[in-house]
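Student: Residue numbering for the sequence shown follows full-length UniProt numbering, starting at 1 and increasing by one per position.
Here's a structure for you.
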Amino acid sequence: MRVVAGRYAIRDELGRGGMGVVWRADDQVIGRQVALKEIPPPQGVTGDDRAVYLERVLREARTAGRLNDPAVVTVYDVVSENGATFIVMELVEAPTLADIIAAEGPLPAERVSSIGLQVLGALETAHAAGIVHRDVKPSNIMVMQGDRVKLADFGIARAMDDPNLTMTGGIMGSPGYMSPELFSGSQPSPATDLWALGATLFHAVEGRSPFNRETTAATMHAIMYDDPQLTRCQGPLAQVILGLLTQSPEARLTVARTRELLSSPVSDRTQVVEQHTQVVDAPTVQVHAVRRDTRPREPWQEAYPEEAPLAAPAPVSWGEDQWGTPSAEKKNGNRKRVLLLSGAAVVVVGALLAVFLILPSGQEGEAAGKPVTNVGETESQSVIATPVLPSSVPPSSTVSSAPPPSTVTVTKSDTPIKQPKPTGGQQPVGTPPPPPPDKPQRNLVQITRYNHPKGPHFTATPNVPAPAGFNREFPMGWLVADAETGTKRLYACQLKGSEDRMTSVDPGCEGHTQVGVLGYIFTSKPAGVNSRGLFRCTYSGGHYDSTDAKCEGYNPEFQFGYILV
């Protein structure tokens, strides 16, 4: 039997993780069972660095041992032997919160709030003692009978992340629960623990982590730029989760406000939303036939088939009509109106079918160009949008003339461009995308992919041209030249110590060197214009960008946003 420090006899293994192995052991002096966490020094740490590391672990563990809170796993002792550090802790034989979520799925809001309050109390005790946990997550929260909790591993993550150690320079912790400021080099603080608590509560109530993605890079990107979407809770618990998962540490909920919301009565947290069925008067609208374009199409247009115009949704009444009359006063007449309007709709549809089916095909365009107007109504005013195109647009990509008055045509297409797979060598230039969509006074810059015979790829615009030696592959679409609502900057980056290039929405290029600003990309799919997603991808030779969500058969990292096509 292995005995540590002449006192702790190891019986069996309880579990292991990224920071060590936990053993069940007998304290032969006091005669009780304890949990013994063995923490080996990180790989590559030798000599003076090893001594610094061991001293740091001992200091942090001793500090954690002074914590006195019912929701904190008590630290009894800390010893060193054969180059490893052993932390002797209270033995808690209970499943973790991660185990419970995996077995039961999303937990009720009341239960999550109770667990959250206890963890919050443990963090408050630690912060008052000058300790930042740094690794709050479901697998570090033990849930005992009656949902009493114990938060484990205080001080261990921070001890292993001493910046004075000449190791990898990485960040210790679990990426899916780390706050965004840690990725930009900020020091751990109580606010980082509160962020992790918010991510943990989200995981408990939704049954999944809010930011975990397929790769670490994608997880980091989600933490820094994505907004978590709650679907299973509302009220105070939702306020807590979203308030803690705020990008700015200064804007996050305080401990006092978090406790107040989590302590709110059950009746305040549980809200039943009833949906009432209401009969709404349908407004009278004009129906216009849209002229079908019979002109010859350019070759690049064949890949983007026209679709039917999008009809504007009818306005909806929510209890009062536009004159302020309560809808309850109209209740008796609603059924009659619905029947009359239904009959009118049948007549209108029949008339439209007659126009398009009875006329010979040769007259179809002429008939379609005449709007169908109800008697006594005036034609709606036409809207004509004139785009501003960059000078690099080829003559064959000129925008067609606007349709006749009283007609607004909206064309939408999500057909992907067929792109060649990156092989590291020169590839044929793909078919350029169609001209940018119509929008008044919008300046655009074309975004084009390049590659180098040695393998690296580069995404360029007129703002940041491709470096010498790179060959043009194909244009992918258009970025906005100037900032507007719903856009963010897209940067060209050079990886440090490498010939690899990449694109990023982080002004710090995720710790690498910024080359320049390519333009502005939409953060969500813009309405009323043609667009497609732009993705960052990896393969054995490095990074490249693609409009294919599957990265042309290689490895997707994450989506930057949307470009215009």
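The beta carbon of each residue, even a glycine, is placed where N, CA and C say it ideally should be.
Given the structure is predicted, the values throughout are model-derived calculations rather than measurements.
Enumerated in chain order, which unbroken segments of the alpha helix (DSSP H) with a length of 4 residues or greater are wholly contained in the segment 6-65?
Tutor: Annotation note: the segment 6-65 contains the following uninterrupted alpha helix (DSSP H) runs of length 4 or greater, listed N- to C-terminal: 47-65.
Student: Can you find at least 3 beta carbon pairs, one from the segment 475-482 and one from the segment 441-456, that sit closer than 8 Å?
Tutor: yes
Student: Between the C-alpha atoms of V88 and A204, what's the straight-line distance to the nearest angstrom?
Tutor: Along the sequence shown, one-based indexing puts residue 88 at 88. Along the sequence shown, one-based indexing puts residue 204 at 204. Each residue's alpha carbon lies about 29 Å from the other.
Student: Roughly how many angstroms separate the alpha carbons of G65 and G469, rounded to a whole number?
Tutor: Here residue 65 is taken as the residue at index 65 of the sequence shown, counted from 1. Here residue 469 is taken as the residue at index 469 of the sequence shown, counted from 1. C-alpha separation (whole angstroms): 60 Å.
Student: So, T461 versus L534, is the Cβ gap smaller than 9 Å?
Tutor: Residue numbering aside, residue 461 sits at position 461 when the sequence shown is read from its first letter. Residue numbering aside, residue 534 sits at position 534 when the sequence shown is read from its first letter. Not closer than 9 Å, so no.
Student: Spatial neighbours of N212 within its chain, please: CB distance less than 7 Å, with the 5 preceding and 5 following residues excluded, ordered by chain position.
Tutor: If you number the sequence shown from 1, residue 212 lands on position 212. G176 and T219, listed in sequence order.
Student: Between which two residues does the alpha helix (DSSP H) holding T125 run?
Tutor: One-based indexing of the sequence shown puts residue 125 at position 125. That run of the alpha helix (DSSP H) goes A109 to A128.
Student: Can you say whether Q28 is buried or exposed, counting buried as having 16 or more other CB atoms within 10 angstroms of its CB?
Tutor: If you number the sequence shown from 1, residue 28 lands on position 28. Q28 is exposed by the Cβ-count criterion.
Student: Taking 8 Å as the limit between beta carbons, can you name the residues of its chain near G15, skipping five residues before and five after?
Tutor: The residue given as residue 15 occupies position 15 in the sequence shown. The residues are V21 and V22.
Student: Quick check: A191 and P249, are their CB atoms within less than 9 Å of each other?
Tutor: As a first step, residue 191 must be located in the sequence shown, where it is residue number 191. As a first step, residue 249 must be located in the sequence shown, where it is residue number 249. Result yes, Cβ atoms of A191 and P249 sit closer than 9 Å.
Student: What separation, rounded to the nearest whole angstrom, lies between the Cα atoms of Q559 and T215?
Tutor: For the purposes of this step, residue 559 is taken as the residue at position 559 of the sequence shown. For the purposes of this step, residue 215 is taken as the residue at position 215 of the sequence shown. Using only the alpha carbons, I get a separation of about 13 Å.
Student: Run the CB neighbour count on K150, radius 10 Å, all protein chains shown included, and call it buried at 16 or more, exposed below.
Tutor: Stepping through the sequence shown from its first residue, residue 150 is reached at position 150. When all chains shown are included, K150 counts as buried.
Student: From the DSSP output, in three-state form, read off V517 for me.
Tutor: Within the sequence shown, the letter at position 517 stands for residue 517. V517: strand per DSSP, three-state reduction.
Student: Helix, strand or coil: which one does DSSP assign to G511?
Tutor: One-based indexing of the sequence shown puts residue 511 at position 511. Helix, per DSSP.
Student: Quick one: what's got a C-beta closer than 6 Å to Q381's C-beta in the same chain, skipping five residues either side?
Tutor: In the sequence shown, counting from the first residue as 1, residue 381 sits at position 381. Confidence in Q381 is poor, its pLDDT being 35 and thus under 50, which makes the residue's placement unreliable; the coordinate value appears in the next sentence. The answer is none, since no qualifying residue turns up.
Student: Between the Cα of Y76 and those of A222, F522, R2 and K37, spot the shortest distance and give me the residue it belongs to.
Tutor: What you label residue 76 is simply residue 76 of the sequence shown in a count that begins at 1. When only C-alpha atoms are compared, the closest one is K37.
Student: Classify N530: buried if its beta carbon has 16 or more other beta carbons within 10 angstroms, exposed otherwise.
Tutor: The residue you call residue 530 lines up with position 530 of the sequence shown. Buried, by the Cβ-count rule.
Student: What did DSSP end up calling G176 once you bin it into helix, strand or coil?
Tutor: The residue labelled residue 176 in the question sits at position 176 within the sequence shown. Looking at G176 - three-state DSSP - the assignment turns out to be helix.
Student: Can the beta-carbon of P475 be found closer than 9 Å to that of R449?
Tutor: In the sequence shown, the residue the question calls residue 475 occupies position 475. In the sequence shown, the residue the question calls residue 449 occupies position 449. Yes, these two residues count as a Cβ contact at 9 Å.
Student: Does the Cβ of K137 have 16 or more other Cβ atoms within 10 Å, making it buried, or fewer, making it exposed?
Tutor: In the sequence shown, counting from the first residue as 1, residue 137 sits at position 137. Under this definition K137 is a buried residue.
Student: Taking 7 Å as the limit between beta carbons, can you name the residues of its chain near N463, skipping five residues before and five after?
Tutor: Residue numbering aside, residue 463 sits at position 463 when the sequence shown is read from its first letter. The residues are V445, G516, V517, L518 and G519.
Student: For P416, which residues of its own chain have a beta-carbon under 8 Å away from its beta-carbon, when the five flanking residues on both sides are left out?
Tutor: The count along the sequence shown starts at 1 and reaches residue 416 at position 416. Because the pLDDT of P416 is 42, which lies under 50, any placement of that residue in the model is unreliable, and the question is left without a value.
Student: Along the alpha helix (DSSP H) that carries F154, what are the first and last residues, could you check?
Tutor: Taking the sequence shown and counting its residues from 1, one reaches residue 154 at position 154. It is not in any alpha helix (DSSP H) - F154 carries neither H nor E in the DSSP assignment.
Student: First and last residue of the alpha helix (DSSP H) that includes F202?
Tutor: Here residue 202 refers to the residue found at position 202 when the sequence shown is read from its first residue. Per DSSP, F202 belongs to the alpha helix (DSSP H) from P190 to E206.
Student: For T487, which of helix, strand or coil comes out of DSSP?
Tutor: As a first step, residue 487 is located in the sequence shown; it is residue number 487 there, counting from the start. Reduced to three states, the DSSP call for T487 is strand.
Student: Given a cut-off of 9 Å, decide if L564 and P526 are closer than it, judged by their beta-carbon atoms.
Tutor: In the sequence shown, counting from the first residue as 1, residue 526 sits at position 526. In the sequence shown, counting from the first residue as 1, residue 564 sits at position 564. Yes.
Student: Whole angstroms are fine: how far does the CA of G561 sit from the CA of F522?
Tutor: For this step, residue 522 is matched to residue 522 along the sequence shown. For this step, residue 561 is matched to residue 561 along the sequence shown. Computed Cα separation, rounded: 5 Å.
Student: Under three-state DSSP, which class holds L479?
Tutor: Numbered from its first residue, the sequence shown carries residue 479 at position 479. Strand at L479.
Student: Output the boundary residues of the alpha helix (DSSP H) element that contains Y225.
Tutor: In the sequence shown, the residue the question calls residue 225 occupies position 225. Y225 -> alpha helix (DSSP H) spans T216 to Y225.
Student: For the beta strand (DSSP E) containing E557, name the first residue and the last one.
Tutor: Working through the sequence shown from its first residue, we reach residue 557 at position 557. Residues N555 to L564.
Student: Just reading off the beta strand (DSSP E) that T246 is part of, what are its end residues?
Tutor: One-based indexing of the sequence shown puts residue 246 at position 246. T246 -> no beta strand (DSSP E), and no H or E assigned at all.
Student: Of the residues A71, E81 and A61, which one's Cα is nearest the Cα of R2?
Tutor: The residue you call residue 2 lines up with position 2 of the sequence shown. Checking every option, the nearest Cα to that of R2 belongs to E81.
Student: Hey, A492 and T459 are a contact pair by Cβ (cut 8 Å); roughly how many whole angstroms apart?
Tutor: Walking along the sequence shown from the start, residue 492 turns up at place 492. Walking along the sequence shown from the start, residue 459 turns up at place 459. At roughly 7 Å, the Cβ-Cβ gap stays under 8 Å, so A492 and T459 are in contact.
Student: Mapping the DSSP letters down to three states, classify R494 as helix, strand or coil.
Tutor: Walking along the sequence shown from the start, residue 494 turns up at place 494. At residue 494 the sequence reads Gln, which differs from the Arg that was named. Strand.
Student: So which of G83, L201, I141 and A129 has the shortest CA-CA distance to Y53?
Tutor: As a working mapping, residue 53 is identified with position 53 in the sequence shown. If we check each option's Cα against that of Y53, G83 comes out closest.
Student: Can you tell me which of H127, F202, R50 and A126 puts its alpha carbon nearest to the alpha carbon of Q239?
Tutor: Walking along the sequence shown from the start, residue 239 turns up at place 239. The shortest C-alpha separation from Q239 is found at F202.
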